[in-house]
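Numbering (this note's numbering), first residue to last: 102 to 331. Read the structure below first, then the notes.
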Ligand code: DC
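Here is the structure:
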């Protein structure tokens, strides 16, 4: 039996998806699923094994013995790769580009999408990524597409790196982000794209609280409806 709505949040890097998704999930008692973390875990595994990201055959073989799990703790995700908690390691700067590259390999996508559908099929989930509303759950109950201008998104990412003590030029952060957006939107299978029925929200000039409140105001009536029906 379905335990609630499926809420999809897509958008480019640093558009505010995961922050809002986590806060919302906590507020409404839903499970948060960070699908980007799953592609990051695949990329980390390839890196650990010294596999070139362009070597599709070796990547396909790797999928036969990869174990990726997401544990929810207070709406925060812990990512387990082959039983090891890699939640911090997958956030390393080089993993972002590797995750984007590995996510374009069809075998990787099919495997991750299968896991994502299993995790979300019963509802009661907020799931964020690039292709949730278009490909993973095209019938999701609520779909958002978050955007923000590239400079503002790069500034968010730059500040995040600074907080971690990583000193990277802003111009490099911006260039990496634009390159990743292009890779993600131009791949053939399930590219980053707004679903026709998704609500687009530009978070450029919103605080985290404002963007979360905006999403909540839209979700709230749907939650009420769902309660009445179940
Ligand atoms: O959301 P993120 O930055 O952690 O995602 C890392 C990469 O994973 C992103 O550049 C593209 C890929 N990704 C994807 O292809 N599909 C998803 N649903 C989520 C992420």
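Beta carbons: idealized from backbone N, C-alpha and C, even for Gly. Source: prediction; values computed, not measured.
**Study point:** Boundaries (first-last residue) of the alpha helix (DSSP H) holding residue 238
**Key:** The count along the chain shown starts at 1 and reaches residue 238 at position 137. Premise fails: residue 238 is in no alpha helix (DSSP H) and is neither H nor E.
**Study point:** Cβ distance (whole Å) where residue 278 is taken to contact residue 114 below 8 Å
**Key:** Locating residue 278 in the chain shown gives position 177, counting from the first residue. Locating residue 114 in the chain shown gives position 13, counting from the first residue. Between residue 114 and residue 278 the Cβ distance is about 6 Å, and since that is below 8 Å, they are a contact.
Check your understanding: residue 208: which of 173, 244, 140 and 272 sits nearest, CA to CA?
Key -> The residue given as residue 208 occupies position 107 in the chain shown. For the options 173, 244, 140 and 272, the alpha carbon positioned closest to that of residue 208 is the one of 140.
Review point. Any heavy atom of the ligand DC closer than 7 Å to the Cβ of residue 218?
Key: Taking the first residue of the chain shown as position 1, residue 218 is located at position 117. No, the Cβ of residue 218 stays beyond 7 Å of every heavy atom of the ligand DC.
Check your understanding: Sorry if obvious, but does the Cβ on residue 233 come closer than 7 Å to a heavy atom of the ligand DC?
Key -> Locating residue 233 in the chain shown gives position 132, counting from the first residue. Checking every heavy atom of the ligand DC against the Cβ of residue 233, one is found closer than 7 Å.
**Study point:** Given 8 Å, three or more beta-carbon pairs between the region 246-254 and the region 125-134
**Key:** no
Check your understanding: Cβ of residue 320 within 8 Å of Cβ of residue 221?
Key -> Taking the chain shown and counting its residues from 1, the one referred to as residue 320 is at position 219. Taking the chain shown and counting its residues from 1, the one referred to as residue 221 is at position 120. Not in contact: residue 320 and residue 221 (Cβ atoms no closer than 8 Å).
Review point. Rounded to whole angstroms, how far is the Cβ of residue 332 from the Cβ of residue 224, which I believe are closer than 8 Å?
Key: In the structure as shown, the chain begins at 102 and stops at 331. Residue 332 is therefore absent and cannot be evaluated.
Exercise for review: Confirm the yes/no value for this check: CB of residue 254, any heavy atom of the ligand DC, distance under 7 Å.
Suggested key: Looking up residue 254 in the chain shown gives position 153. Every heavy atom of the ligand DC is 7 Å or more from the Cβ of residue 254, so no.
Practice item. Would you mind stating whether residue 138 and residue 203 have Cβ atoms separated by less than 8 Å? Key: Numbered from 1 along the chain shown, position 37 holds the residue referred to as residue 138. Numbered from 1 along the chain shown, position 102 holds the residue referred to as residue 203. By the CB criterion at 8 Å, residue 138 and residue 203 fall outside the cutoff.
Exercise for review: Would you list the one or two residues that DSSP bridges to residue 302?
Suggested key: Here residue 302 refers to the residue found at position 201 when the chain shown is read from its first residue. Bridge partners of residue 302: 247.
Check your understanding: From which residue to which residue does the alpha helix (DSSP H) around residue 166 run?
Key -> Position 65 of the chain shown, counting from 1, holds the residue named residue 166. For residue 166, there is no enclosing alpha helix (DSSP H), as DSSP marks it with neither H nor E.
**Study point:** Between the CA atoms of residue 123 and residue 109 - distance to the nearest angstrom
**Key:** One-based indexing of the chain shown puts residue 109 at position 8. One-based indexing of the chain shown puts residue 123 at position 22. Looking at the two C-alpha atoms, the distance is approximately 12 Å.
Check your understanding: residue 221 by DSSP, collapsed to three states: which one?
Key -> Here residue 221 is taken as the residue at index 120 of the chain shown, counted from 1. Three-state result, residue 221: helix.
Practice item. Less than 8 Å between the CB atoms is what I'm expecting for residue 173 and residue 127, so what's the real figure, rounded? Key: Within the chain shown, residue 173 is the residue found at index 72, counting from 1. Within the chain shown, residue 127 is the residue found at index 26, counting from 1. Actually they are not in contact, since the Cβ atoms of residue 173 and residue 127 sit about 10 Å apart, beyond 8 Å.
Check your understanding: Unbroken alpha helix (DSSP H) runs of length 4 or more, entirely within the region 265-331: which are they?
Key -> 271-287 and 309-330
Exercise for review: Measuring alpha carbon to alpha carbon, tell me which of 245, 269 and 265 ends up nearest residue 119.
Suggested key: Along the chain shown, one-based indexing puts residue 119 at 18. Here the closest residue by C-alpha is 245.
Check your understanding: Just to confirm, does residue 136 get its C-beta within under 7 Å of one of the non-hydrogen atoms of the ligand DC?
Key -> Working through the chain shown from its first residue, we reach residue 136 at position 35. Residue 136 Cβ: within cutoff of the ligand DC.
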